[in-house]
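Everything on this sheet refers to the single structure shown next.
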Amino acid sequence: MALLWVVLGFFLFGSSFGCGVPTIDPVLSSLSRIVNGEDAVPGSWPWQVSLQTSSGFHFCGGSLINEDWVVTAAHWTTFTSQPQDSGSGPPPSQYRQRNRGPGRTGVPRAPAVPQVFEHPQWDLRAVRNDVALLKLAAPARLSAAVAPVCLPSADASFPAGSLCTVTGWGKTRYNTFDTPDKLQQATLPILSNADCQEFWGSKITDVMICAGASGISSCMGDSGGPLVCQKDGAWTLAGIVSWGSSRCSPFLPGVYARVTKFIPWILEVLEAN
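All letters in the sequence shown, in the order written, are residues -18 to -1, 1 to 255 by mature numbering (1 follows the signal peptide of the UniProt record, and there is no 0).
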């Protein structure tokens, strides 16, 4: 039980490296966007993960939440024909934290992901409960450049109008096959679910949080990555990139899995594994 407490304490409040406080401060422009994006300062988002095939193809983002676990979107397992049970995991794939240096150089050794835990109520048709946990084969080596993001408490709120940040290596234009070598970032406002329903109707539920519709958009390849907001001086994971405009329109809000709704499940998985 003592060990379990240490793990859960780390998960919620960070390790000796701390959570949500990068050693290298992000430099943000209020006009930035991932579509036609802005390069992030290398190392300024040390929890950002790139999920890749064994050949090095980036297909999804994720967030390091402690040295053993990454949180991402569940839909990547469906669209890459990966197993959807808890514990068996995909064929050899890997994560990399590619923002440690210019371009794709200086990438650390990439641990495999042997276990994938999808949310048991993940619904592909409604894109609801779009959350998955990945347990790494070997612990990540935490440092100033590799550190976890903070998780919110289950009752935390992220009010409409709050300015938050999304990061990823997704497309910078809809009509391109290219993805950027450098991590992209964008500052964008949180929308209330009522305002988001003006765009997306009844598709929006309480397990989702919306942001954008302000000339800023995430795009294909950003899925699974973090939407973070500053809370009590630390960057906190408010959302997980889930879905949005099929053409990456910067004038429609992006939709994210609302992390506060999944804290009990996340803790349950960590405790059991």
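We put the beta carbon where it would ideally sit given N, CA and C, even for glycine.
Just to confirm my understanding: we take residue i, look at its own chain, exclude 5 residues before and 5 after, and list those with CB closer than 6 Å. What are they?
i: residue 84; result: Residue placement at residue 84 is poorly supported in this model, since its pLDDT is 35, which falls under 50; the coordinates are not used for a value here.
i: residue 251; result: 99 and 115
i: residue 4; result: 26 and 28
i: residue 90; result: Note that residue 90 scores a pLDDT of 46, beneath 50, so its modelled location is shaky and nothing firm can be said.
i: residue 180; result: none
Specify the secondary structure class of residue i as computed by DSSP and reduced to three states.
i: residue 226; result: coil
i: residue 217; result: strand
i: residue 140; result: coil
i: residue 187; result: coil
i: residue 104; result: coil
i: residue 59; result: helix
i: residue 181; result: helix
i: residue 242; result: helix
i: residue 6; result: coil
i: residue 151; result: coil
i: residue 251; result: helix
Use the C-beta contact count for residue i: other C-beta atoms within 10 angstroms, 16 or more gives buried, fewer gives exposed.
i: residue 255; result: exposed
i: residue 233; result: exposed
i: residue 45; result: buried
i: residue 36; result: exposed
i: residue 148; result: buried
i: residue 52; result: buried
i: residue 121; result: exposed
i: residue 7; result: exposed
i: residue 9; result: exposed
i: residue 127; result: buried
i: residue 103; result: exposed
i: residue 228; result: exposed
Measuring CB to CB, does residue i end up less than 8 Å from residue j?
i: residue 236; j: residue 193; result: yes
i: residue 22; j: residue 212; result: no
i: residue 138; j: residue 242; result: yes
i: residue 58; j: residue 215; result: no
i: residue 239; j: residue 189; result: yes
i: residue 140; j: residue 186; result: no
i: residue 182; j: residue 109; result: no
i: residue 38; j: residue 54; result: no
i: residue 174; j: residue 142; result: yes
i: residue 20; j: residue 168; result: yes
i: residue 106; j: residue 49; result: no
Quick one: what's got a C-beta closer than 8 Å to residue i's C-beta in the same chain, skipping five residues either side?
i: residue 101; result: 56, 111, 112, 113, 114, 244 and 247
i: residue 144; result: 171, 172 and 211
Hey, is residue i's beta-carbon within less than 8 Å of any beta-carbon in chain D?
i: residue 122; result: The question asks about chain D, but that chain is absent: this structure has only one protein chain.
### Message
Three Cβ pairs or more, each shorter than 8 Å: is that satisfied between the region 23 to 35 and the region 119 to 137?
### Response
yes
### Query
Is the region 116 to 126 in contact with the region 220 to 228, if contact means three or more CB pairs nearer than 8 Å?
Contact fails: fewer than three Cβ-Cβ distances are below 8 Å.
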